[in-house]
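Please read the structure below before turning to the comments.
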Amino acid sequence: MSVLDSTQITLMRAISGATLRNTVLANNIANADTPGFQPSDVNFHAALSDALGEGTEALDDVSFAPEQLHTGAVRADGNGVDSDAEAAKLAENGLEIEALEQVANSRLQIMRTAMGMNG
Amino acid sequence: MSLFAALTVSASGLTAQRLRMDVTSANLANAQSTQTPEGGAYRRQDVVLQEQSGDGSFAGTLAGVLGGGGEPAGVEVAAIIPDTTPLRQVYEPDNPQANPQGYVEMPNVNPVEEMTDLIDSSRSYQANVTAMQTTKQVFAKTIELL
């Protein structure tokens, strides 16, 4: 049995997925002026819930990949990036990472207390 | 996956937008330049951006092959191309550079267009800075986990 339970591992995987999403959304904003560019996103929630449905073993192997969205062109040069929507998604994703980290941190503190490491 | 990938991506956006601002400034500065080292009047320059296709590293290529979509790598400047729209013809018969018909070729720079380009690139720059700040806040929280 691992020291970390499946909830803790799920939290860690979710943070990893959300961090990749952060990079992908930053890339969309960086390419807001690239002709013909179509934005991407990472649906890490779906990948995680699929893995959770298959059991804890699948959690170790879960991987996240960016998927290109086909939003069509919002500008004459074929660019499909809506900067406002991307900025909103980035802010939301940032809050989600902070929330996940707070929960993960609290759970780690409980474990530390149980191990007698907090005094 | 590099921890600071998102920061590198946003930084590439900052570099690209700053270059756009540089080129726009050059266009505005040369709005009256009737002579260039290449001969003829100044032609407006335009920046073409493209998505960076990975860093070419082994790890990046392997991730791309194994995981389908590779890690995004940001934006880069593909080229700075001259605007091929015709130069403006201004009637100034007393100008030493006038042709036999009395016309002087002036740059095809439209200051209004340059100003909107300048505002556009400055807003895009700010969007990248905001993205960078969000990433930075998140990373600071991640480090608190340790």
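Here the protein sequences come in this chain order: A and B.
Numbered per the numbering used here, the first sequence spans residues 8 to 126.
Numbered per the numbering used here, the second sequence spans residues 38 to 183.
Here a beta-carbon is modelled for each residue, glycine too, at the ideal position from N, C-alpha and C.
Spatial distance of residue i from residue j (CA atoms)
i               : j               : result
G101 of chain A : D83 of chain B  : 35 Å
G105 of chain B : A25 of chain A  : Note on G105 of chain B: pLDDT 49, under 50, position unreliable in the model; no value is reported.
Q126 of chain B : D154 of chain B : 24 Å
Q109 of chain A : L182 of chain B : 8 Å
L66 of chain A  : T122 of chain B : 58 Å
R28 of chain A  : I104 of chain A : 10 Å
P130 of chain B : S159 of chain B : 40 Å
K178 of chain B : V85 of chain B  : 37 Å
G77 of chain B  : F176 of chain B : 52 Å
M16 of chain A  : D157 of chain B : For the record, residue 16 of chain A in the displayed sequence is Ile; it is not Met. Rounded to whole angstroms, I16 of chain A to D157 of chain B spans 43 Å at the Cα level.
A58 of chain A  : A106 of chain A : 21 Å
E99 of chain A  : S90 of chain B  : 27 Å
A53 of chain A  : A72 of chain A  : 11 Å
I117 of chain B : S23 of chain A  : 38 Å
A121 of chain A : M19 of chain A  : 20 Å
N132 of chain B : L56 of chain B  : 34 Å
M58 of chain B  : I117 of chain A : 52 Å
L97 of chain A  : E61 of chain A  : 29 Å
I180 of chain B : R82 of chain A  : 39 Å
Top-ranked residue by Cα proximity to residue i, from the options
i               : options                      : result
A63 of chain B  : B:V114, B:S47, B:P119, B:T52 : B:P119
N38 of chain A  : B:V114, B:E181, B:Q170       : B:V114
V49 of chain A  : A:A21, A:L66, A:A65, A:M124  : A:A21
E150 of chain B : B:V60, B:A42, B:V46, B:S70   : B:V60
A95 of chain A  : B:G77, B:T171, B:I117, B:A42 : B:T171
L32 of chain A  : B:I156, B:Q134, B:V46, B:L65 : B:V46
G111 of chain B : B:G50, B:Y162, B:A135        : B:G50
L124 of chain B : B:S70, B:E108, B:L44         : B:S70
T52 of chain B  : B:K173, B:Y162, B:I180       : B:Y162
E93 of chain A  : A:N35, A:T30, A:S9           : A:N35
Y79 of chain B  : B:E88, B:L56, B:N67          : B:N67
V69 of chain A  : A:G60, A:R82, A:L55, A:V81   : A:L55
A48 of chain B  : A:S9, A:T30, A:V10           : A:T30
R81 of chain B  : B:Q174, B:Q54, B:T73         : B:T73
Q54 of chain B  : B:Q87, B:I180, B:Q174        : B:Q87
Within chain E, partners of residue i - CB distance below 8 Å
i               : result
N125 of chain A : Among the chains of the structure shown, chain E does not appear; the protein chains present are A and B.
Neighbourhood of residue i by C-beta distance below 8 Å, restricted to the same chain and skipping five residues each side
i               : result
E74 of chain A  : S47, D48, V49, N50
D91 of chain A  : none
A80 of chain A  : N86, G87
S9 of chain A   : I16
R119 of chain A : N125
F41 of chain B  : F176
Per DSSP, the bridge partner or partners of residue i
i               : result
Y162 of chain B : Answer is none; Y162 of chain B lacks a bridge partner.
A48 of chain B  : In DSSP, A48 of chain B forms no bridge with anything.
D48 of chain A  : A:E74
R3 of chain A   : Because residue 3 of chain A is not part of the residues shown, which for chain A are 8 to 126, the question remains open.
V84 of chain B  : B:I117
E142 of chain B : B:Q126
V112 of chain B : B:E88
Same chain, Cβ closer than 7 Å to residue i, neighbours up to 5 away in sequence not counted
i               : result
Y128 of chain B : G139, Y140
G77 of chain A  : Going by the sequence as given, residue 77 of chain A is His instead of Gly. Q45, listed in sequence order.
P109 of chain B : V46
Cβ neighbours of residue i in the same chain (closer than 6 Å, five flanking residues each side left out)
i               : result
S13 of chain A  : T63
L65 of chain B  : E151
A135 of chain B : E129, V141
A43 of chain B  : T172
M124 of chain A : none
L11 of chain A  : none
Original post:
Is the stretch 144-153 of chain B close to the stretch 163-181 of chain B, with three or more CB pairs under 8 Å?
Top reply: no
**OP:** Check whether the stretch 74-88 of chain A touches the stretch 35-55 of chain A, taking contact to mean three or more Cβ pairs, one atom from each stretch, closer than 8 Å.
**Re:** yes
**OP:** Specify whether the stretch 102-115 of chain A and the stretch 132-141 of chain B touch according to this definition: at least 3 beta carbon pairs, one from each stretch, less than 8 Å apart.
**Re:** no
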